[in-house]
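Enquirer: Take a look at this one; I'll ask things after.
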Amino acid sequence: MHIDILTLFPEMFESPLAHSIVKRAIERNKLSIEFIDFREFSHDKHKQVDDYPFGGAPGMVIKPEPLFEAVDYLKEKRKDILGSENFPLIYLTPQGETYTQQIAEELSNKKYLAILCGHYKDVDYRVREHLVTREISIGNYVLSGGELPAMIIIDSLARLQEGVLSNIESAYSDSFQGNSLDGPYYTRPREYRGYKVPDVLLSGNHKLIEEWQKSKRKKLTEKVKGASDV
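Here our numbering runs 1357 ahead of the position in the sequence shown, where the first position is 1.
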């Protein structure tokens, strides 16, 4: 899978990509990522990419020209990957659909994605009307830009790539698989400061263990999300 990130701050990604699961995905050639600083597509002598919004609203808006030209550049560069497919550009915005594990699974099967990290008040709406194919939010709150949400999406996609996790079943037993939260886990020692591991987990009876885990998942999901969502 290849992901292009359109951002004004590519250096923000250096540390997150250099560790843990994402690093492993890149090293195993399961995931490749390239950063496009769309400031480079500005024709302003100061490389400015934002301007005041029409109508007198507060804040600044990213101009359409650098983003349209950056996408033109990527369409040409990635035509061998895309073939006849439309250019898939995800815009990260609080106004988008809420990101879920189901969306992560869907996107993880794509060969190619481009993700646009906004900044300032917004991007010129013509970008959203004519370039963006999907808008995604990571929650009902506002951040300074799309870089942190992009990191979250990258991490969630990396761990779903085949051959990245040592046991892919681990990814498919995590929270939100099957619309439920994951249950509790225990490890050694069997007892610590008087707190014991539940006997059923030490019984060796796989059927009882599975039933216990299912019950715990259901109770936790009801507690957090409400019974109607289980």
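Built from N, CA and C at the ideal position, the CB exists for glycine as well.
None of the values given here were measured: they were computed from a predicted structure.
Please state if the CB of G1540 and the CB of K1582 are separated by a distance shorter than 8 angstroms.
Expert: Within the sequence shown, residue 1582 is the residue found at index 225, counting from 1. Within the sequence shown, residue 1540 is the residue found at index 183, counting from 1. Not in contact: K1582 and G1540 (Cβ atoms no closer than 8 angstroms).
Enquirer: Does the beta-carbon of H1487 have 16 or more other beta-carbons within 10 angstroms, so that it is buried, or is it exposed?
Expert: For the purposes of this step, residue 1487 is taken as the residue at position 130 of the sequence shown. Exposed: under 16 other Cβ atoms inside 10 Å.
Enquirer: Please list, in chain order, all residues of the same chain as Q1405 whose beta carbon is under 7 angstroms from its beta carbon, the five residues on each side excluded.
Expert: Along the sequence shown, read from residue 1 onward, the residue named residue 1405 stands at position 48. So the qualifying residues of the chain are S1399.
Enquirer: Give the secondary structure of Y1549 by DSSP, where H, G and I count as helix, E and B as strand, and everything else as coil.
Expert: Your numbering for residue 1549 matches position 192 in the sequence shown. Reduced to three states, the DSSP call for Y1549 is strand.
Enquirer: How would you label I1438, buried or exposed, when you count the other beta carbons within 10 angstroms and need 16 or more for buried?
Expert: Here residue 1438 is taken as the residue at index 81 of the sequence shown, counted from 1. I1438 should be labelled exposed.
Enquirer: Going by DSSP, which residues form a beta bridge with F1392?
Expert: As a working note, residue 1392 is residue 35 in the sequence shown. BP columns for F1392 point to I1362.
Enquirer: Counting beta carbon pairs with one atom in the stretch 1405 to 1419 and one in the stretch 1456 to 1472, are three or more of them shorter than 8 angstroms?
Expert: Output reads no: the stretch 1405 to 1419 does not touch the stretch 1456 to 1472.
Enquirer: Who does I1447 pair with in a DSSP beta bridge?
Expert: Here the question's residue 1447 lines up with position 90 in the sequence shown. DSSP output for I1447 lists I1472, R1491 as bridge partner(s).
Enquirer: Please work out which residues of its chain come closer than 6 angstroms, Cβ to Cβ, to H1359, disregarding the five sequence neighbours upstream and downstream, and give them in chain order.
Expert: Translated into the one-based positions of the sequence shown, residue 1359 becomes position 2. Here the set comprises S1389, Y1469.
Enquirer: Sort E1548, D1361, K1478, S1513 by Cα distance to F1444 and report the nearest one.
Expert: For the purposes of this step, residue 1444 is taken as residue 87 along the sequence shown, with counting starting at 1. Nearest of E1548, D1361, K1478, S1513 to F1444, Cα basis: D1361.
Enquirer: Opposite D1479 in the DSSP bridges: which residues?
Expert: The sequence position of residue 1479 within the sequence shown is 122, counting from 1. Answer by DSSP bridge pairing, in chain order: V1418.
Enquirer: Just to confirm, are L1363 and I1393 a CB contact at a threshold of 8 angstroms?
Expert: The sequence position of residue 1363 within the sequence shown is 6, counting from 1. The sequence position of residue 1393 within the sequence shown is 36, counting from 1. Result yes, Cβ atoms of L1363 and I1393 sit closer than 8 angstroms.
Enquirer: Count the other CB atoms within 10 Å of the CB of R1516; is the residue buried (16 or more) or exposed (fewer)?
Expert: Within the sequence shown, the letter at position 159 stands for residue 1516. It is buried - the Cβ of R1516 has at least 16 other Cβ atoms within 10 Å.
Enquirer: So is V1557 buried or exposed if we call it buried at 16+ other beta carbons inside 10 Å?
Expert: Reading the sequence shown from its first residue, position 200 is the one you call residue 1557. V1557 should be labelled exposed.
Enquirer: Compare the beta carbon distance of D1481 and I1419 with 8 angstroms and say whether it is the shorter of the two.
Expert: Counting from one through the sequence shown, the residue named residue 1481 turns up at place 124. Counting from one through the sequence shown, the residue named residue 1419 turns up at place 62. Against a cut-off of 8 angstroms, the Cβ pair of I1419 and D1481 comes out as a contact.
Enquirer: Considering M1508, what are the terminal residues of the alpha helix (DSSP H) in which it resides?
Expert: Here residue 1508 refers to the residue found at position 151 when the sequence shown is read from its first residue. Residues 1504 to 1515.
Enquirer: Please state the DSSP three-state secondary structure of T1455.
Expert: Here residue 1455 corresponds to residue number 98 of the sequence shown, with the count starting at 1. Strand, per DSSP.
Enquirer: Between the C-alpha atoms of E1422 and T1578, what's the straight-line distance to the nearest angstrom?
Expert: Walking along the sequence shown from the start, residue 1422 turns up at place 65. Walking along the sequence shown from the start, residue 1578 turns up at place 221. For E1422 and T1578, the distance between alpha carbons rounds to 46 angstroms.
Enquirer: Using the DSSP secondary-structure output, state which residues sit across from D1408 in a beta bridge.
Expert: Along the sequence shown, read from residue 1 onward, the residue named residue 1408 stands at position 51. The partner list for D1408 (beta bridge, DSSP) reads V1418.
Enquirer: Taking the continuous alpha helix (DSSP H) assigned at R1574, which residues delimit it?
Expert: Taking the sequence shown and counting its residues from 1, the one referred to as residue 1574 is at position 217. Run containing R1574: 1563 to 1582, per the alpha helix (DSSP H) assignment.
Enquirer: Pick helix, strand or coil for V1557, following the three-state DSSP scheme.
Expert: Position 200 of the sequence shown holds residue 1557. V1557 falls in the helix class under three-state DSSP.
Enquirer: Mind checking whether T1544 and E1492 have CB atoms under 8 angstroms apart?
Expert: Here residue 1544 refers to the residue found at position 187 when the sequence shown is read from its first residue. Here residue 1492 refers to the residue found at position 135 when the sequence shown is read from its first residue. No; because the gap between Cβ atoms is not below 8 angstroms, this pair is not in contact.
Enquirer: Can the beta-carbon of Y1504 be found closer than 8 angstroms to that of M1369?
Expert: On the sequence shown, position 147 is the one that residue 1504 refers to. On the sequence shown, position 12 is the one that residue 1369 refers to. Note that residue 1504 is Glu in the sequence shown, not Tyr. Yes, the Cβ-Cβ distance between E1504 and M1369 is below 8 angstroms.
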